[in-house]
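Chemist: Per the numbering used here, residue 129 is the first one in the sequence shown, and the count goes up by one each step. For every residue, glycine included, the Cβ atom is placed at its ideal position computed from N, Cα and C. Structure provided below as structure tokens; questions to follow.
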Amino acid sequence: AETPLRNFWISIDSSVPSVHEEMRGLPGVIKGIEKALPVFHEHGIYPSANLGINRNMGGLATKSIRRNSYSNDRDYLAAFFMAFRKAFRIFHDFVIGMGFTMVNNCYPMSIEDNGKDAGLNPVYAASSEDCLVKFSVAEKAALFKALLETLPEFRSRIRLFSPGSALYALHRQYVNGKDASYPCRGGIDFFYIDSKDGNTYPCGYRGNEALGRYWEMDMNALNRDMTCHQCDWECFRDPSELLGPLLHVVSNPLSLLKRFKNDGHYHRLWIDDLRYYRASGFFNGRKPPEFNRLRKFCMERKCLLLFLEQSRGE
């Protein structure tokens, strides 16, 4: 196809076709997508499946998990973790079976959680106060851990955007109640541009901080202090985490070495992410996957699964 388009996303909300179609109001759309994917591939476009993590993603298996069905938080969170870990596995199998060669997982965004107090105001219409995407702090910790444990099984079978280092950092952040991830670089290296008027924002959720039209911005006047931990929007959060150590080594190499020494799990996941992103061709949606390059991540699966098992209690 003669287009400069690099990546094309198709939202899939659930591995249960009827659930996705009911949520979107589009009966039969899953079969339509399955028919369309080979056509895109023939024209050199490889769309990515995009999961907005929600309580319906596993159908009844995840929708039915409720706190009031359990006598204590521990039992509930254990059941929640197991249900969503299984749902992530089924979902990735499902989109592979549909014919997708790339997949992304969008972290749940419910601005009501902390956004009103933090001054967030979404411009990008991908947040909601609906219970469908609203998760507690403990539930988010379990979600990120469940997705992290899904990566080794599928990285050799489909180009999977979600970086392990970002998921690990977010998991630790929600478990420990303090910032464990690098600050977001939204408004420094990444910007959200509203297509309706060309106005630019540090990200799609900081609508109170309009920077004017992109082509009129003075890049030298931007505040380059990295302090934002206000949300988990993976579009900016994930690349910020991957870039974090590279910038850290320039500004304070001894501090980075200390961090890696104190948290070998994070160090290993970050190095593995860099290797995987390169093997995935940096997720170029105009090229097919090179499974011969991805296959080595299958050989490392048992080793990484053992590492995750050892770190599960931390």
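Assign I161 to one of three DSSP states: helix, strand, or coil.
Modeler: On the sequence shown, residue 161 is found 33 positions in, with the first residue counted as 1. It is helical.
Chemist: Closest to L207 by CA distance: which of I218, R217, S192 is it?
Modeler: Stepping through the sequence shown from its first residue, residue 207 is reached at position 79. For clarity, residue 207 is Ala in the given sequence; the question names Leu instead. Here the closest residue by C-alpha is S192.
Chemist: Relative to the C-alpha of D141, which residue among V223, L165, N196 is closest?
Modeler: For this step, residue 141 is matched to residue 13 along the sequence shown. That would be V223, whose Cα lies nearest to the Cα of D141.
Chemist: Please classify H148 as buried or exposed, where buried requires at least 16 neighbouring CB atoms within 10 angstroms.
Modeler: Here residue 148 is taken as the residue at index 20 of the sequence shown, counted from 1. The residue in question, H148, is buried, as its Cβ has 16 or more Cβ neighbours within 10 Å.
Chemist: Under the assumption that P291 contacts E369 (Cβ atoms under 8 Å), give the Cβ distance between them as a whole number of angstroms.
Modeler: In the sequence shown, the residue the question calls residue 291 occupies position 163. In the sequence shown, the residue the question calls residue 369 occupies position 241. Contact holds; Cβ gap of about 6 Å.
Chemist: What is the DSSP secondary structure of Y420, reduced to helix, strand or coil?
Modeler: Here the question's residue 420 lines up with position 292 in the sequence shown. At residue 420 the sequence reads Asn, which differs from the Tyr that was named. Three-state DSSP puts N420 in a helix.
Chemist: List the endpoints of the continuous alpha helix (DSSP H) containing I399.
Modeler: The count along the sequence shown starts at 1 and reaches residue 399 at position 271. Taken as a continuous stretch (DSSP letters only), the alpha helix (DSSP H) holding I399 covers 392-407.
Chemist: Is P145 buried or exposed, if buried means 16 or more other CB atoms sit within 10 Å of its CB?
Modeler: By 1-based counting over the sequence shown, the position of residue 145 is 17. Its Cβ being crowded by 16 or more others within 10 Å, P145 is buried.
Chemist: Would you check if the distance between the CB atom of L295 and the CB atom of F319 is smaller than 8 Å?
Modeler: For this step, residue 295 is matched to residue 167 along the sequence shown. For this step, residue 319 is matched to residue 191 along the sequence shown. Taking 8 Å as the Cβ cut-off, L295 and F319 do not qualify as a contacting pair.
Chemist: Please identify the residue among F289, T278, F168, M347 whose C-alpha is closest to the C-alpha of K214.
Modeler: Within the sequence shown, numbered from 1, the residue matching residue 214 stands at position 86. Among F289, T278, F168, M347, the Cα nearest to that of K214 is on T278.
Chemist: Applying the criterion that 16 or more other CB atoms from any shown protein chain within 10 Å of the CB defines a buried residue, is F289 buried or exposed?
Modeler: In the sequence shown, counting from the first residue as 1, residue 289 sits at position 161. Buried.
Chemist: Take T190 as the anchor and find which of S139, D400, Y310, I218 has the nearest alpha-carbon.
Modeler: The count along the sequence shown starts at 1 and reaches residue 190 at position 62. When only C-alpha atoms are compared, the closest one is I218.
Chemist: When the Cα of S284 is compared with those of F136, I138, G172, F419, which residue comes out closest?
Modeler: Taking the first residue of the sequence shown as 1, we reach residue 284 at position 156. Measuring from the Cα of S284, the nearest candidate turns out to be F419.
Chemist: Please tell me whether, using a cut-off of 7 Å, the distance from the CB of L165 to the nearest non-hydrogen atom of the ligand ATP is below it.
Modeler: Only the bare structure without any ligand can be found here, which leaves the ligand ATP out of the picture.
Chemist: In the DSSP assignment, find the unbroken alpha helix (DSSP H) run with V303 in it and report its ends.
Modeler: The residue given as residue 303 occupies position 175 in the sequence shown. Its alpha helix (DSSP H) spans residues 292-304.
Chemist: How do the segment 351-358 and the segment 300-318 stand: do at least 3 beta-carbon pairs fall below 8 Å, yes or no?
Modeler: Contact holds: three or more Cβ-Cβ distances are below 8 Å.
Chemist: Going by beta carbon distance, what residues of the same chain come within less than 8 Å of L260, once the five residues before and after it are set aside?
Modeler: Translated into the one-based positions of the sequence shown, residue 260 becomes position 132. Cβ within range, chain order: N182, R183, N184.
Chemist: Look at the alpha carbon of K324 and the alpha carbon of R341, and state the distance between them as a whole number of angstroms.
Modeler: Here residue 324 refers to the residue found at position 196 of the sequence shown. Here residue 341 refers to the residue found at position 213 of the sequence shown. So the alpha carbons of these two residues sit roughly 11 Å apart.
Chemist: Put C312 into one of helix, strand or coil per three-state DSSP.
Modeler: What you label residue 312 is simply residue 184 of the sequence shown in a count that begins at 1. Strand, per DSSP.
Chemist: Look at the Cβ atom of P367, then the Cβ atom of W398, and state whether they are nearer than 8 Å.
Modeler: Residue mapping note: residue 367 aligns to position 239 of the sequence shown, counting from 1. Residue mapping note: residue 398 aligns to position 270 of the sequence shown, counting from 1. No; because the gap between Cβ atoms is not below 8 Å, this pair is not in contact.
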